[in-house]
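Mapping of the sequence shown onto the numbering used here: position 74 corresponds to residue 78, and the numbering continues sequentially without gaps.
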Amino acid sequence: MSLLRRLPPVLRALLAQALAFAALVVLVRLGLRFPALVWVLLQAVLAVFLSRWLDLGPRWGVMQAALPFLVRALWGVPIPSWVYLLLFLGLALVFGGGLLTRVPLYHASEDAWEKLEDLLPDRPDLRFVDLGCGFGGPVAHLARVRPDSMFFGVEASPFTWLVAWLRCLPLRNASIRLGSLWRTELAGFDVAYAFLSPVPMPALWAKARREMPPGTRFISHSFEVPNETPHRVIPVKGREGARLLVFEL
Ligand SMILES: C[S@@+](CC[C@H](N)C(=O)[O-])C[C@H]1O[C@@H](n2cnc3c(N)ncnc32)[C@H](O)[C@@H]1O
Numbered sequence: 005m006s007l008l009r010r011l012p013p014v015l016r017a018l019l020a021q022a023l024a025f026a027a028l029v030v031l032v033r034l035g036l037r038f039p040a041l042v043w044v045l046l047q048a049v050l051a052v053f054l055s056r057w058l059d060l061g062p063r064w065g066v067m068q069a070a071l072p073f074l075v076r077a078l079w080g081v082p083i084p085s086w087v088y089l090l091l092f093l094g095l096a097l098v099f100g101g102g103l104l105t106r107v108p109l110y111h112a113s114e115d116a117w118e119k120l121e122d123l124l125p126d127r128p129d130l131r132f133v134d135l136g137c138g139f140g141g142p143v144a145h146l147a148r149v150r151p152d153s154m155f156f157g158v159e160a161s162p163f164t165w166l167v168a169w170l171r172c173l174p175l176r177n178a179s180i181r182l183g184s185l186w187r188t189e190l191a192g193f194d195v196a197y198a199f200l201s202p203v204p205m206p207a208l209w210a211k212a213r214r215e216m217p218p219g220t221r222f223i224s225h226s227f228e229v230p231n232e233t234p235h236r237v238i239p240v241k242g243r244e245g246a247r248l249l250v251f252e253l
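Here it is in structure tokens:
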């Protein structure tokens, strides 16, 4: 069960819909007959329940409820196949990195950006990196409030990278790269920050320990490093349990 809950949210959402659909197939096989709209409603209700069971949040619940009605509404509408292809490519560009890396796209709150600001050492010419920078919120904010230092972001999903790149374009002390955090050498940074998932934390911590010199700082948003006690834990606004875990190297 915990294995299922560790799947990326989009896969858990699909699984919930698939399980709900399988349950409806069983009901049909048992001889139940309802009007089409009742089946759609049943699919939606079951999918929402299963989504809660799979630990998906309320926003996913709303999407899960809406999806069967959307499919029903579009059923039989002659939509050209290139529209589906375009939709698929769009989704792959935004969420593709997350599917491959098992790290979904969600964002640190502005409160977290401000608390990160307090965690930057109080001297000029710092180098900060956001490993998996999403839409670039933390990098852009920090670059604005600390014009004396350089802020970098690396992002694996092309569309997400493009948004972050455009957002940081006017800032001369911010730079966003399209690529993998695993190919980012951490030796040159004073502070490395990541908001990923539990999955990459052991390997990321090993990488930080290997590459970052003593006196530097590694900050994980919300996700623990197994068997390591952070030097500081700073609660931040956002989803339940959101916090910054600060490790001094
Ligand atoms: C939870 S979001 C965090 C966004 C931002 N750092 C923040 O704190 O608001 C994680 C991001 O990491 C990206 N990501 C996941 N694995 C990655 C990897 N191996 N290399 C680069 N980016 C990655 C995902 O595409 C996603 O945009």
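We treat Cβ as the ideally placed atom computed from N, Cα and C, and that holds for glycine. Computed from a predicted model, the values in this text were never measured in an experiment.
Based on the DSSP output, what are the partners of E252 in its beta bridges?
-> R221
Local conformation of R16 per DSSP, three classes | Helix, per DSSP.
Assign V32 to buried or exposed, taking buried as 16 or more other Cβ atoms, counted over all protein chains shown, within 10 Å of its Cβ.
-> exposed
From P151, L166, P174, P142, pick the residue whose C-alpha is nearest to that of I223; which is it?
-> P142
Any contact of the stretch 199-206 with the stretch 145-156, i.e. 3+ C-beta pairs under 8 Å?
-> no
Evaluate T233 with the Cβ neighbour count: other Cβ atoms within 10 Å of its Cβ, from every protein chain shown; 16 or more gives buried, anything less gives exposed.
-> exposed
So what does D59 bridge to, in DSSP terms?
-> In DSSP, D59 forms no bridge with anything.
Just the Cα atoms here: how many angstroms apart are V77 and V158?
-> Strictly speaking, residue 77 in this sequence is Ala, with Val absent from that position. Taking the straight line from one Cα to the other gives about 40 Å.
Three-state class that DSSP yields for P156 in the structure shown | For the sequence presented, residue 156 should be read as Phe rather than Pro. Reduced to three states, the DSSP call for F156 is strand.
What separation, rounded to the nearest whole angstrom, lies between the Cα atoms of A112 and V49?
-> 31 Å
Short check: CB of L190 to CB of A212, under 7 Å?
-> yes
Span of the beta strand (DSSP E) holding P239?
-> 236-239
Touching by the beta-carbon criterion (3+ pairs, under 8 Å), the stretch 78-90 and the stretch 44-59 = no
Heavy atom of ligand 1 within 6 Å of C137 beta-carbon | yes
Length of the line joining the Cα atoms of L11 and W64 | 14 Å
Beta strand (DSSP E) runs wholly inside the stretch 148-200, at least 3 long, in chain order | 154-159, 178-182, 195-198, all fully within the stretch 148-200.
Mapping DSSP to helix, strand and coil, what is F132?
-> strand
So, using beta-carbon positions, are G183 and T164 closer together than 7 Å?
-> It is not a contact, given that the beta carbons lie outside the stated cut-off.
Tell me whether R214 sits in a helix, a strand or coil according to DSSP, three-state version.
-> Shown here, R214 sits in a helix according to DSSP, grouped into three states.
Determine the burial state of V75: buried for a count of at least 16 other Cβ atoms within 10 Å of its Cβ, exposed for fewer.
-> exposed
Roughly how many angstroms separate the alpha carbons of I238 and L71, rounded to a whole number?
-> 38 Å
Nearest-angstrom Cα distance between A196 and A40?
-> 53 Å
Three-way DSSP call (helix, strand, coil) for R37 in this model = coil
Which of helix, strand or coil DSSP assigns to R127 | coil
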